[in-house]
Structure formats: C-alpha cells, structure tokens
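Right, one structure below, let's go through it.
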Amino acid sequence: MLVGFSLEIVFGRSDSLSLGQIRGSLGRLFAPEQYRLPALAGLLVPAGVLAFIGALLVYRQRAPLSITLGLFALMPVASGLSHWARSEQRNHWFGYWFGHDMFTPPVVGPDGKMTYDAKVRAEALKGPKAKLVYPEMDPHTILFGGTDPGRFNPTYMIFCESFIPDSCKPAADPTYDRRDVYLITQNALADGTYLNYLRAQYFRSQEHPPPFFSELARFILKDTEYETNLVARMVSPLDDLFEERGARVEKRWRTSTSWFSDQDFTSLPALATRLRPGPSQDPLSQWLFENFSKETQELLKGQSDEKRLRPALARDLNALLERELKEKERLAEKQRQKEAVDQKLYDSSDSERLRQKQDALAKEIAAIKIEPLFNPTRFAQVQLSNYLKKFIAQNPQSDTRIRLNRLLLEAAYPAELAKSLGGVYPDREIYIPSPLDLQTAIGEYSNDAARRAQHDKQFPNEPKQLRPGEGVTITPDGRAQVSGTASVMNINGLLTKVIFDHNPDNEFYVEESFPLDWMFPYLTPYGIIMKINRQPLAEISDEICQRDHEFWTHYSERLIGNWITYETSVKEITAFVERVYLGRNFKGFTGDRRFARDDQAQKAFSKLRSSIGGIYSWRLGLTPGSVPVPPQYHPKSQAESARMLREADFAYKQAFALCPYSPE
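The sequence shown begins at 21 in this note's numbering and counts up by one.
If you want it as structure tokens, here you go:
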C-alpha cells in the first residue's frame, strides 16, 4: 500500500515527470561537472532503507545490530555529499586573492599570466606599457574596509600573513608583508566602542581605558562621579594585575622585533671601528660608547674576541633603547611617593620624619636626568628619512619609543646594523576621531537631516531631500533623532572625512560597502579596490580608464575567463549565466570552475567590480540615492561622457557575469 501510494505521488500527478524524462535526466545527472554527489546522497537514503529491510529478512532470529549501526554511521555521509560542492575550499584561492590583491595588484608577466613578482612589476613600470600597471599600495597606507570580506580578509593579510615565515607563505608571493598598513572599518566609526578600539591600536597616546573591575563596581553601586565605594577599592588590585599583564603583552606586540640580537650586527668590525674612541668616532658613536658598560668598552678597545662582543653590544644597546622609558617610570614613581607624603603632611600635624622623607624624595627626583637617545646635534650627520623625521616629531612617550630608537640607530649605521621589521601595529600614530569628534559628527548630521525633513514637510510637492533609508524623528523637546542605515552611514562618512583631513601624510584606499558621498570626487580605480586621492579630480582621465580596463580584462581570466568586451551584449551574458551557473555546461569555459560553484567568491568580486563602476556612473549622475553631482565634476565633453558611460557599462557587465544574483 505504501509503495503504491508513493508511486502515485511520483508518477500520478499532472506535473509528474514521465519515465522517459527521468531516464533522460539520469544520463545528464551523472555526466561530468553536473555535481552528481547530491544525487548519490539522495540514493543513499533508499539504499539504506533497503539494506535495513534486507538485513531483517536475513537475520530473522536476532537483531542485525552491526548492520544497523553501520547504516546509522553512514547517515552523515548523505549530508556531506549534498553540500560538498559548495563547501569544499581546496585550492580556492579567491579569499587569498581578495585580501592580497588589495595591497599588491597582480601584473601581467612575460607569459601572459598575472603574477606578483616584484621584478616583473619593476620592469613593467619602466616599459612602454607602464601607464597600464598598478604599483604596490603606498607604504603606511590607511585602508578603509567596507564589506565583510573587505574587513576580514585584509585583517588576516595584515595581522597574520605578514608575520608568517616566508618559507610557509604561498609560493605566489613568499615575501608578502604589509604590517605597515592601518586598517579601519568604514561602517563602524559611529560606534564609540569601536573608536576606543582604534585609538588603542593606532592613537595610543590618546586612549586611556578606565580600570575595568573598579569601574564595574562603581557602575553597579551607582557611585557619583567623584566617589569610589568600598567594593571598588577592594577589587582595584585585580585592575593592577590585569593592566600590568596587558601592558607587558602590548609592549611585546609593539617592540618584539626591535630588540637587538647577536645576528643583527651585519658588519661587526666596521661597527666596532666607528664606536671605538678615535678620529673616526662621530658624536653619536662617542655618546653610545660613553653609555656602554665597562665590559663592552673594554671589548671595543681590545679589538678582539668578537664572540663576546656581539652579546655585550646587544645587551647594552637594548638597555639604551628603553632607558628613557625606565627613567620616566622611575621618576613617575618617585613623584607619586612624594605626592603621598605631601598629602600626609597637609592632612596631619607636622612630622619631622615625613619632612625628612619629603626632602629625600625631592633630592632623588632632582637627580633623575632623562637623556633621550635622539638629540639634533648628536644626529646632525645622520641622513634621516622623511618618515623618520615625522616619527621623531611625534615624540612618542610609550613603548613605541623603543621602536623609534631602533630605527634611529639603523639610520645612523645603515651598513652595520640589520633592518628590523615593525611590530604588530604600525610604528607611527595616526589621528583617530575623539569622543568629541563623534558627538560633533552626530550633531552635524542630525541638524542637517532635521532641516531636510522640515523642508519635505513644508514643501511636499518639491523633490524630497531626505534620501531612502534616512529616518528623522523630532522629540517633544525639539531635538532630532536619526535612524536607519543611510543615517548611520552618513555619520560614518563624516568621521572618515575627519580621519582623511587629520592625516595628510598618509595615502588612503577604500574597499567600499556603502558609497560615501564625499569620497566620489577623490576616487580612482586601484586594481580590485579604489584609491582616495588627496585632491579631488576634475575628470577621470583616459589613462586611468585604460589602466582599469586592462587590469580587469586580465584579472577576469582567473575567475570567469576573458571574454567580455565593450561590445558584449547583456543577452550574451545571460546566456553564459544559464549555461555555466545553471546548466553546469563548461564547454568553452576558460575561467576557474571552482569559482563557478563558490557563491561567496562570486558575490565578493562582483561587489568589487560594481563599486568601481560606481566611480564612472557617479560622474554621469547615474548613482541612485546620491547627492547631485557638483557641476565641476560633470563630463566636460561628449568624448568624456562617452568614456564614462563605456567604462561604467563594461564594469557592470563584468560584475553581472561574476555574480548574476548579487544584491548590488
């Protein structure tokens, strides 16, 4: 009865497939590249049922436990087979390319294939087609990440891939290292907690987190601003414990690569000659020698025993790297002790013992002399790079001082000392918006949104000034409250502009999620992402368009193949979509078949390409939801207008072919 009922459901309905159709489909189902694993997974279910029934027929006197357990063990296999095609990631390099190629756009090599070889890039930048080649991302760049892969992939490339030994990196680029880049999420800047996190990384001198446990106790027991309850005072040792540990970890992150080792003296005889007293001793070498230990001084004078000199020099140089900081810590501790004594003298009657301690501490404080390694006179003969000069101007007072001192010594002895790598975070600080900047941005946007909302209310027949996604509510006390994704992104946009304006010495790049209006005049294509130029561009030149077109023409080879041209019609692209993505017919397909079944890669690269298309369409005033394009950025001629339209059309065609179901 059950079998008959099942057959009726499968074959007896008006829309049921005929036996001929099923027979014809089976041949196609098990053809190459048709993803037959889900079909095999489906067959496992009835096969398991039949096997179980067969076991019952054979073992009538006892339960077939072994067979039953074996069938149960096979059940997960069906799920694995069903999802294998879209889940396996073996040799799917798309995530690596997405993160890596932001920093190092590939270049076409002599064999016609894209490569990351630095020598090939250098030759190409000198050749006749140099204008079609993207250089590597500028050093010390500030990179705005937008989409999820646009944040997470470069995070991995900066904080993980850069620190992996070269021997363990992919063969495509075994020397990759971009720990110098500042990565910022453009979508989260309106979150005060995220700004705290950024300041802790990139603007440490301006981020002073409160003690966690005591502040938690004060919050729970609702202390006033200048009160601290007993519980908060009791848990304060926990704050000291964790803050000390955190400080040690942060110091290691920022300075672990700056300490000298025996192997860092690339030319020890030459270094010893410069450090040794004599006619060739410069002011810096003289100062270093005078501050070395007696043992190291004797080893330098002795002109022998290199095996003992190496560790002695490393030890003394490391001591000098952080001597300023240790002396400042000692001074701060003595000042705290004196302040405590001063307070006791103020609160209680006069005490001779406290007076003596006060005088002794005052003498100790006066005796502490903090002499920094850097002195303009001492380094007068040293060629300092602009980067190092700006680092000196920042005058870091925390662990980064160690990094600065190491770089100063490397600049003074370029042939004698090895170049060290940076720490987990870039060396120099950049400006990150303060809590006041955040409140200013929120207030500025709220006032502007309220004004536009009032316009729409007063003049309902005029074009709406509030854009889709912006929500404005006026509270009873007359304040404007904003809501909606567009409102948050507008506040984010104001804060990205604050970062851009306050860091004029850094180059900026963006991987876009939501377009930010202020950026459009500054944007040009840069490989798979975009560069935010320091000054607005009156036009997108033909050279910029050619470089973008040439790059994506070759880049698409590794994804869907190089077959889309200016003349390719949408009909041809939809035919490709139906044949490859839906029909799994790879006849004539020259791209990567793994890409054709990788949904996340398709959406990610399609988004990259459509964002670049937005640069061109904005100039034509064709970007939905954007503010009107200022007249100075409109195309100045028919040729320029046609160029923008042609490149936008080409970019969107490629984006459509990369992911036809993209929400973009």
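Beta carbons: idealized from backbone N, C-alpha and C, even for Gly.
Which residue marks the beginning of the alpha helix (DSSP H) containing residue i, and which one marks its end?
| i | result |
| --- | --- |
| Ile385 | Glu372 to Ala387 |
| Thr293 | Leu288 to Leu295 |
| Gln363 | Glu326 to Asp367 |
| Ser630 | Asp619 to Arg639 |
| Asp476 | Pro455 to Gln478 |
| Arg423 | Thr420 to Ala432 |
| Asp121 | Phe114 to Phe123 |
| Asp168 | Asp168 to Phe179 |
Which residues share a DSSP beta bridge with residue i?
| i | result |
| --- | --- |
| Phe670 | Paired residue(s): none; Phe670 is not in a bridge. |
| Phe528 | Ile162 and Ile552 |
| Val251 | Val251 is not bridged to any residue. |
| Met134 | Val128 |
| Leu437 | Phe285 |
Assuming residue i and residue j make a contact with CB atoms under 8 Å, what is their CB distance in whole Å?
| i | j | result |
| --- | --- | --- |
| His112 | Met177 | No, His112 and Met177 are not in contact; Cβ-Cβ is about 16 Å, not under 8 Å. |
| Ser278 | Val255 | That pair is no contact at about 35 Å. |
| Thr275 | Asp447 | Contact doesn't hold; Cβ gap of about 10 Å is too wide. |
| Tyr636 | Ala662 | Not confirmed; about 11 Å, so no contact. |
| Phe114 | Asp476 | Not really, about 44 Å apart at Cβ, beyond 8 Å. |
| Met509 | Glu532 | Met509 to Glu532, Cβ: 11 Å. No contact. |
| Pro524 | Pro541 | The pair is not a contact, with the Cβ atoms about 17 Å apart (cut-off 8 Å). |
| Ala622 | Leu678 | Per the sequence presented here, residue 622 reads as Gln, with Ala not at that position. Indeed they touch by this definition, with Cβ atoms about 6 Å apart. |
| Val65 | Ala98 | 6 Å |
| Tyr136 | Ala192 | 6 Å |
| Val153 | Trp273 | Not really, about 35 Å apart at Cβ, beyond 8 Å. |
| Arg639 | Ile560 | 6 Å |
Check for me: the beta strand (DSSP E) holding residue i runs from which residue to which?
| i | result |
| --- | --- |
| Thr544 | Leu543 to Tyr546 |
| Lys551 | Ile549 to Ile552 |
| His202 | The sequence shown places Tyr at residue 202, rather than the His named in the question. Run containing Tyr202: Tyr202 to Thr205, per the beta strand (DSSP E) assignment. |
| Ile494 | Gly491 to Ile494 |
| Gln652 | Premise fails: Gln652 is in no beta strand (DSSP E) and is neither H nor E. |
| Ala150 | Premise fails: Ala150 is in no beta strand (DSSP E) and is neither H nor E. |
| Gln501 | Ala500 to Ser503 |
Using the rule of at least 16 other Cβ atoms within 10 Å of the residue's Cβ for burial, across every protein chain shown, is residue i buried or exposed?
| i | result |
| --- | --- |
| Asn216 | exposed |
| Leu308 | buried |
| Arg499 | exposed |
| Leu89 | exposed |
| Lys364 | exposed |
| His103 | exposed |
| Pro376 | Checking the sequence shown, residue 376 turns out to be Gln, not Pro. Answer is exposed; the Cβ neighbour count stays below 16. |
| Gln206 | buried |
| His522 | exposed |
| Met664 | buried |
| Glu342 | buried |
| Ala252 | buried |
| Lys133 | exposed |
| Arg110 | exposed |
| Ser631 | buried |
| His160 | buried |
| Ser38 | exposed |
| Ile584 | buried |
| Asp562 | exposed |
| Met539 | buried |
| Gln283 | exposed |
Rounded to whole angstroms, what is the Cα-Cα separation between residue i and residue j?
| i | j | result |
| --- | --- | --- |
| Phe312 | Phe394 | 16 Å |
| Gly634 | Gly504 | 22 Å |
| Arg224 | Asp379 | 35 Å |
| Ala142 | Asp131 | 16 Å |
| His574 | Arg554 | 28 Å |
| Arg238 | Ser107 | 49 Å |
| Ile162 | Tyr202 | 5 Å |
| Asn415 | Arg421 | 8 Å |
| Thr195 | Lys189 | 8 Å |
| Leu543 | Arg567 | 14 Å |
| Asp612 | Tyr601 | 12 Å |
| Thr588 | Phe609 | 16 Å |
| Tyr372 | Ser454 | Note on residue identity: the sequence assigns Glu, not Tyr, to residue 372. Near 47 Å, if we compare the C-alpha coordinates of Ser454 and Glu372. |
| Lys410 | Asn467 | 38 Å |
| Ser182 | Gly147 | 30 Å |
| Leu428 | Arg294 | 16 Å |
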